[in-house]
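Every position in the sequence shown, counted from 1, becomes a number in the numbering used here once 7 is added. C-beta: ideal position from N, C-alpha, C; glycine also. A quick note: this is a predicted structure, and the numbers were derived from the prediction, not measured.
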Amino acid sequence: MSKYEELVQTFTNRQPLPPLKPENIWDDQLSQEIMNLTEQDVTGTNNPSSLAVSATRAGLLLWNDDLYGSHTISQSIKEPVGSYWHGIMHRQEADYGNAKYWFSNVGEHEVYSSLYQEAIKLLPEIKAWGSWNPNLFIDLVEEEVSQNNEQSEKAEKLRQIQAIEFALLLEYSRSIG
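What follows is the structure, encoded as structure tokens:
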């Protein structure tokens with residue numbers, strides 16, 4: 008198993024799931040490991056694009072609740088994938104207006120269709136959206152976080168959706184040519 012796969016497995020098996028609004032880095036050592044990965048380790052290819060390396064590293068850091076580390080990378084990525092990671096980071100720090108701004112720069116992203124299909128299995132009310140809508144998801148997160156409902160059943164489902172979002176966007180990021 009590659010170092011990347013070990014990290015993803017660690018994050019996938021993480022219990023409890025990452026909070027909607029993390030207060031601290033989950034594991035400082037993992038952030039160091041992520042930053043020490045070679046470009047080849049990050050992407051699994053011999054000649055990776057710098058975009059794939061940066062976007063994947065930003066995503067791994069974010070899944071580790073390292074908002075600052077992820078932000079440092081994602082804010083320098085000019086492509087939509089950078090805006091996506093940047094938007095998630097601002098959603099997690101409860102800067103919802105800024106998150107919506109960054110998602111407005113994403114456009115219709117490739118992961119949205121799969122994310123929508125998985126999300127409606129967990130939270131059927133999302134089906135009414137007709138397709139994935141990051142702004143409406145931000146509103147759901149804001150509702151739970153602002154009412155200090157991070158431990159509610161709905162918040163748990165939102166955290167599950169967020170974990171799916173991380174996994175899908177990481178795979179997308181890793182494959183950018």
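Item	Value
Along the alpha helix (DSSP H) that carries residue 88, what are the first and last residues, could you check?	87-99
Is the number of C-beta pairs between the region 68-79 and the region 89-99 that are closer than 8 Å three or more?	yes
Considering only residues of the same chain and omitting the five flanking positions on each side of residue 62, which have a CB-CB separation below 7 Å?	84, 88, 89, 92, 180, 183
With a threshold of 6 Å on Cβ separation, who are the neighbours of residue 133 within its own chain once the five nearest residues in sequence on each side are excluded?	126, 127
Report back the beta-carbon spacing between residue 106 and residue 81 to the nearest angstrom; my notes put them in contact at under 8 Å.	With 8 Å as the limit, residue 106 and residue 81 do not qualify as a contact, their Cβ atoms being about 12 Å apart.
How many angstroms separate the CA atom of residue 103 from the CA atom of residue 129?	22 Å
Output the boundary residues of the alpha helix (DSSP H) element that contains residue 79.	74-81
For residue 32 and residue 73, I'd like the C-alpha separation in whole angstroms.	5 Å
Whose C-beta lies closer than 6 Å to the C-beta of residue 110 among residues of the same chain, with five residues either side of it excluded?	94, 141
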